[in-house]
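Everything below concerns the one structure shown next.
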Ligand SMILES: [Zn+2]
Ligand SMILES: [Zn+2]
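Residue numbers (this note's numbering): 122 to 462.
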């Protein structure tokens, strides 16, 4: 059963399933142009997902061979997974922001041993106990399951219009969830004349009910101390100022009143930072902080990979607090512990 939805004004969406994932599906948007449909994201690389995308394009009165281009909001596999196969079938271009294209290149080139060693070193530095890091060290002799995301062939240039003949789609760089995440502003009147400025394809940046994951940007080749949460909060304000009439996100459903949702997300993160500061009345490593933070279930029940994501999220919040001068590393601590200032 293929779920497609007509958003009006030559925009439709296809619910492309993400196997074994509580998110359920990625909304792949089909934007009509004078040169054939352009997709915003492509969906997870899996035979069943590919079948749904193919059937969905047929239900939209077109086909995968007609696709003119694929605009990728960010490199995550639920967004970029099928881009290479769409390009093979159609000759379409695939566009991505250079910061995420660099991650795709690195994913293709980094040997699994190097990746596991990097993750193990990072978790150790964050104060993870030896028994948590051990499986990563053991995994070094195993191989990765064929992880070879497609290299994009076009760069998304922030602030510029994309190559969508007959349409006005502008790239808005919104780093945070990933360093090269983009939202896409369709600068056309809303088909139902809703008040506001056009429509916004928001990727994972702004979702109606989910707070996107903000962790550290992972890069074994780069020692820059980045501030992903700071990037994210700046990007949120940028998107709020656009005041789009409607938001077309990559998961869940389309919604209006973007500024209200942006305010909610800003408040959520402000509250979270305040809660963390209270925890940091005693010195804590990122791991200890993650153990004490509030998650959607008790720490003991959080599965292994999600714990790694949680620690990364704790570190992103710590970076923000340090940058704001509200927390600082404890001199001489090893692994480094942080305390409220
Ligand atoms: Zn994502
Ligand atoms: Zn996603």
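Glycine is no exception: its CB is placed at the ideal position from the N, C-alpha and C atoms.
Predicted, not measured: the structure shown is a model, and the values here were computed from it.
Just to confirm, does residue i get its C-beta within under 7 Å of one of the non-hydrogen atoms of ligand 1?
i: residue 141; result: no
i: residue 195; result: yes
i: residue 221; result: no
i: residue 298; result: yes
i: residue 201; result: no
i: residue 325; result: yes
Between the alpha carbons of residue i and residue j, how many angstroms are there, rounded?
i: residue 184; j: residue 178; result: 5 Å
i: residue 411; j: residue 182; result: 48 Å
i: residue 342; j: residue 368; result: 35 Å
i: residue 131; j: residue 152; result: 6 Å
i: residue 241; j: residue 284; result: 42 Å
i: residue 462; j: residue 315; result: 47 Å
i: residue 145; j: residue 138; result: 6 Å
i: residue 310; j: residue 321; result: 12 Å
i: residue 446; j: residue 397; result: 14 Å
i: residue 470; j: residue 135; result: As shown, the chain starts at 122 and ends at 462. That puts residue 470 outside it, with no answer to give.
i: residue 251; j: residue 173; result: 43 Å
i: residue 271; j: residue 335; result: 24 Å
i: residue 381; j: residue 171; result: 35 Å
i: residue 243; j: residue 454; result: 16 Å
i: residue 291; j: residue 192; result: 11 Å
i: residue 266; j: residue 229; result: Low per-residue confidence applies at residue 266: pLDDT is 48, beneath 50, and the placement is therefore not dependable, though the value from the model is reported in the following sentence. Approximately 12 Å, taken between the alpha carbons.
i: residue 253; j: residue 415; result: 20 Å
i: residue 189; j: residue 157; result: 5 Å
i: residue 163; j: residue 296; result: 20 Å
i: residue 220; j: residue 402; result: 36 Å
i: residue 133; j: residue 161; result: 10 Å
i: residue 392; j: residue 286; result: 44 Å
i: residue 278; j: residue 376; result: 26 Å
i: residue 148; j: residue 168; result: 17 Å
i: residue 299; j: residue 378; result: 24 Å
i: residue 435; j: residue 258; result: 23 Å
i: residue 348; j: residue 437; result: 7 Å
Name the two residues that bound the continuous alpha helix (DSSP H) containing residue i.
i: residue 310; result: Segment: none, residue 310 is in no alpha helix (DSSP H) and carries neither H nor E.
i: residue 361; result: 349-363
i: residue 392; result: 379-400
i: residue 205; result: 204-211
i: residue 228; result: 219-230
i: residue 328; result: Taken as a continuous stretch (DSSP letters only), residue 328 belongs to no alpha helix (DSSP H), as it is neither H nor E.
i: residue 235; result: 233-246
i: residue 250; result: Residue 250 -> no alpha helix (DSSP H), and no H or E assigned at all.
i: residue 198; result: 198-201
What do you reckon, is the C-beta of residue i under 7 Å from a heavy atom of ligand 2?
i: residue 371; result: yes
i: residue 302; result: no
i: residue 154; result: no
i: residue 110; result: Summary: the structure shown does not reach residue 110, with the chain confined to residues 122 through 462, and so no result is reported for it.
i: residue 295; result: no
On the premise that residue j lies in contact with residue i, defined as a C-beta separation below 8 Å, what is that separation, rounded to the nearest angstrom?
i: residue 394; j: residue 442; result: 6 Å
i: residue 128; j: residue 194; result: Residue 128 to residue 194, Cβ: 16 Å. No contact.
i: residue 433; j: residue 337; result: 5 Å
i: residue 326; j: residue 365; result: Rounded, the Cβ-Cβ distance is 12 Å, inconsistent with contact.
i: residue 360; j: residue 383; result: 6 Å
i: residue 282; j: residue 275; result: The pair is not a contact, with the Cβ atoms about 13 Å apart (cut-off 8 Å).
i: residue 460; j: residue 448; result: 7 Å
i: residue 204; j: residue 187; result: Not quite, the Cβ-Cβ distance comes to about 16 Å (not below 8 Å), so this is no contact.
i: residue 324; j: residue 200; result: 7 Å
i: residue 357; j: residue 440; result: Not really, about 17 Å apart at Cβ, beyond 8 Å.
i: residue 308; j: residue 319; result: 5 Å
i: residue 247; j: residue 450; result: Going by Cβ atoms, the distance from residue 247 to residue 450 rounds to 12 Å, so no, they are not a contact pair.
i: residue 213; j: residue 123; result: Not a contact, Cβ separation roughly 20 Å.
i: residue 249; j: residue 408; result: 5 Å
Could you check where the beta strand (DSSP E) with residue i kicks off and where it finishes?
i: residue 134; result: 132-138
i: residue 341; result: No beta strand (DSSP E) contains residue 341, which DSSP labels as neither H nor E.
i: residue 415; result: Here residue 415 belongs to no beta strand (DSSP E), and DSSP marks it neither H nor E.
i: residue 127; result: 125-127
i: residue 165; result: That residue, residue 165, is in no beta strand (DSSP E); it is neither H nor E in DSSP.
i: residue 148; result: 146-152
i: residue 428; result: That residue, residue 428, is in no beta strand (DSSP E); its alpha helix (DSSP H) goes 425-444.
i: residue 448; result: 448-450
i: residue 293; result: 290-294
i: residue 369; result: 367-370
i: residue 191; result: 190-192
Check whether the Cβ of residue i sits closer than 7 Å to any heavy atom of ligand 3, and report yes or no.
i: residue 147; result: This structure lacks ligand 3; its bound ligands are ligand 1 and ligand 2.
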